[in-house]
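Asker:
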Amino acid sequence: MTKKQTILVTGGAGYIGSHTCIELIQAGYQVIVVDNLSNSSQESLKRVATIVGCEPVVFYSVDIRDQQGLEQVFSEHAIDSVIHFAGLKAVGESVQQPVAYYDNNVSGTVTLLKVMQKYAVKQLVFSSSATVYGDPQTVPIQEHFPRSATNPYGRSKLIIEDILMDLQQSAPEWQIALLRYFNPVGAHSSGQIGEDPRGVPNNLMPYIARVAVGTYPQLSVFGNDYPTPDGTGVRDYIHVVDLAKGHVAALHAFHNPQVPHLLAVNLGTGQGYSVLEMIKAFEQASECKIAYQIVERRAGDVAACFADPQLAKELLAWQAEKSLVEMCADVWRWQQQNPKGYR
Ligand code: NAD
Ligand code: UFG
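Heads up: the sequence shown begins at 53 in the working numbering, then just goes up one per residue.
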């Protein structure tokens, strides 16, 4: 019998990480999670084990900037590959606290890479973002489009992509997948795990869900004068379970000799929806009225951002499958079953 592949998941207690742990375990991988719980709770991992019916997920409460702590994890497990989610992700906060963002995201990644080098672990899947395309000149966005950053969070992703490209060029045996996520939404269909933002949500979907349960009286729609069909911002919303499966597909692709050792791939659906369309879809799924008012544009927002998903299909044999109706229904189930998130 062949040994199970062991995957280190940094940030595995978080929103996308916890959903990916489920897909990994179900695909037969051994999972080790490292997370400092700065934006998550260990409860998510307990629920992962319940959902898949497995032993508790192996968990280390370690900060990825702590080299000694990371080395201990690598010395205790024969890790084959790393999926690297750990990072701070709030755009507005990154403008207020740029040093904290560069320290956490960039220094944290450099420390992780040092430890991977030391332990000769040379397969890495990295959580990049559509934010690296800045304000795209045209949509749908293809991977070769120019990259730019409009805020420190986005710049941290750009810098990390550059570091990983340099590393792979210096050591071609490394296999690195830069997965550029579009807008992850949704929750596991069990309703047991989902997105649990601390404080007031920055993102559209969790905000709508909290209006639906009455936490907030109404949604502010940031601008209706964009050059889009109804004037509100258009995004490529992708179900988090589809996104999670994209990570398993990237690990599989590492074993395909046809696939290059360095990949930068969009993970999106290719379909854009406006803010008003999202409100309508959520109203249908929840049978709740979502009150909203149009306010000023939010600084830094782009009019339209959606993926050309073709390259992921070709290289990873992956494509998003879940519909907008499922995204909304799953958020609503999670929100209703867990009105206070994991608390
Ligand atoms: P999340 O905050 O739910 O998950 C990130 C996890 O990393 C959290 O559990 C947090 O506690 C942990 N973490 C943060 N800094 C750490 C550190 N120094 N050491 C150890 N653990 C640390 O966010 P998410 O939505 O699951 O995002 C995961 C990744 O995907 C992030 O890198 C994010 O930038 C990227 N991404 C997210 C989105 C999105 O809209 N959710 C879009 C594009 C890219
Ligand atoms: N929006 C509102 N009201 C809100 C929140 C959002 O109208 O309360 C609008 C925004 O203006 C935008 C759309 O809803 O048109 C989506 O906004 P989100 O904040 O949900 O998502 P963004 O596209 O702005 O950004 C997200 C992540 C970024 C990531 C980017 C691309 O927050 O970190 O997707 O992956 F970089």
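Glycine is no exception: its CB is placed at the ideal position from the N, C-alpha and C atoms.
(1) Anyone know if the C-beta pair for residue 60 and residue 134 falls short of 7 angstroms?
(2) Rounded to a whole number of angstroms, what is the C-alpha to C-alpha distance between residue 88 and residue 66?
(3) Going by DSSP, which residues form a beta bridge with residue 356?
(4) Would you decide whether residue 239 is buried or exposed? Buried here means 16 or more other CB atoms lie within 10 Å of its CB.
(5) How is residue 235 classed by DSSP in three states: helix, strand or coil?
(6) Measuring from the CB of residue 316, is there a heavy atom of ligand 2 at a distance below 6 angstroms?
(7) When every heavy atom of ligand 2 is checked, does at least one fall within less than 6 angstroms of the C-beta of residue 190?
(8) Going by beta carbon distance, what residues of the same chain come within less than 7 angstroms of residue 363, once the five residues before and after it are set aside?
(9) Considering just the uninterrupted stretch of the beta strand (DSSP E) at residue 149, what are its terminal residues?
(10) What whole-angstrom Cβ distance do residue 114 and residue 122 have, given they're in contact under 8 angstroms?
(11) Runs of 4 residues minimum, wholly inside the region 149-179: which ones carry the alpha helix (DSSP H) assignment?
(12) On the three-state DSSP scale, how would you describe residue 338?
(13) Please look up how many angstroms separate the CB atoms of residue 234 and residue 105, rounded, as I've assumed it's under 8 angstroms.
(14) Determine the DSSP secondary structure at residue 296, reduced to helix, strand or coil.
(15) Compute the Euclidean distance between the alpha carbons of residue 383 and residue 246, then round it to the nearest angstrom.
(16) Are the CB atoms of residue 254 and residue 142 within a distance shorter than 7 angstroms?
(17) Going by beta carbon distance, what residues of the same chain come within less than 6 angstroms of residue 376, once the five residues before and after it are set aside?
(18) So, with DSSP's three-state summary, where would you put residue 228?
(19) Considering residue 60, what are the terminal residues of the beta strand (DSSP E) in which it resides?
(20) Is it right to say residue 299 is buried, meaning 16 or more other beta carbons lie within 10 angstroms of its own, or is it exposed?
(21) Please list the terminal residues of the continuous beta strand (DSSP E) segment that includes residue 67.
(22) Consult DSSP for residue 81 and reduce its assignment to one of helix, strand or coil.
(23) Do the region 266-285 and the region 147-157 touch if we need at least three Cβ pairs shorter than 8 angstroms?
(24) Where does residue 241 sit, in a helix, a strand or coil, going by DSSP?
(25) Report all residues from its chain with a CB closer than 7 angstroms to the CB of residue 23; omit the five preceding and five following residues, and keep chain order.
(26) With DSSP collapsed to three states, give me the class of residue 133.
(27) Do residue 298 and ligand 2 come close, with the Cβ less than 6 angstroms from some heavy atom?
(28) Taking 6 angstroms as the cut-off, is the beta-carbon of residue 235 closer than that to any non-hydrogen atom of ligand 2?
(29) Who are the Cβ neighbours of residue 82 in its own chain at under 6 angstroms, not counting the five residues just before and after it?
(30) Measuring only the C-alpha atoms, how far is residue 96 from residue 223?
(31) Report all residues from its chain with a CB closer than 6 angstroms to the CB of residue 385; omit the five preceding and five following residues, and keep chain order.
(32) Between residue 256 and ligand 2, is there a pair consisting of the residue's CB and a ligand heavy atom that are separated by less than 6 angstroms?
(33) CB of residue 183 to nearest heavy atom of ligand 2: below 6 angstroms?
Answerer: With the given structure in hand:
(1) Going by C-beta atoms, residue 60 is nearer than 7 angstroms to residue 134.
(2) If you take the alpha carbons of residue 88 and residue 66, they lie about 10 angstroms apart.
(3) Answer is 286, bridged to residue 356.
(4) A buried status is given to residue 239, since no fewer than 16 other beta-carbon atoms sit within 10 Å of its beta-carbon.
(5) Note: residue 235 maps to strand in three-state DSSP.
(6) For residue 316, the distance from the CB to the nearest heavy atom of ligand 2 is not below 6 angstroms.
(7) Between ligand 2 and residue 190, a heavy atom-to-CB distance of less than 6 angstroms is absent.
(8) Close CB contacts of residue 363 within its chain, under the 7 angstroms cut and outside five residues either way in sequence, are with 195, 317 and 318 (chain order).
(9) In this chain, residue 149 is not harboured by any beta strand (DSSP E), its DSSP state being neither H nor E.
(10) 6 angstroms between Cβ atoms; contact.
(11) Runs of the alpha helix (DSSP H) inside the region 149-179: 150-153 and 160-170.
(12) DSSP places residue 338 in the helix class (H, G or I) of the three-state scheme.
(13) The C-beta separation of residue 234 from residue 105 comes to about 31 angstroms, leaving the pair out of contact by the 8 angstroms criterion.
(14) The DSSP-derived three-state label of residue 296 is helix.
(15) Pairing residue 383 with residue 246, the inter-Cα distance amounts to about 7 angstroms.
(16) Yes, they are a contact pair.
(17) Here the set comprises 333.
(18) Strand at residue 228.
(19) Where residue 60 is concerned, the enclosing beta strand (DSSP E) starts and stops at 58-62.
(20) Residue 299 should be labelled buried.
(21) Residue 67 -> not in any beta strand (DSSP E); alpha helix (DSSP H) instead, spanning 67-78.
(22) Taken through DSSP and simplified to helix, strand or coil, residue 81 comes out as coil.
(23) At 8 angstroms Cβ cutoff, the stretches do not touch.
(24) Coil at residue 241, not helix or strand.
(25) Residue 23 falls outside the range modelled here, since the chain spans only 53 to 395, and no answer is possible.
(26) Residue state, collapsed to three classes: strand.
(27) No, the beta carbon of residue 298 sits no closer than 6 angstroms to any heavy atom of ligand 2.
(28) Between ligand 2 and the CB of residue 235, the shortest heavy atom gap is smaller than 6 angstroms.
(29) Closer than 6 angstroms at the Cβ level, and outside the excluded window around residue 82, lie 56 and 58.
(30) If I take the Cα positions, the gap works out to 36 angstroms.
(31) Cβ neighbours of residue 385 beyond the five flanking positions: 243.
(32) Yes - ligand 2 has a heavy atom lying nearer than 6 angstroms to the Cβ of residue 256.
(33) Checking every heavy atom of ligand 2 against the Cβ of residue 183, one is found closer than 6 angstroms.
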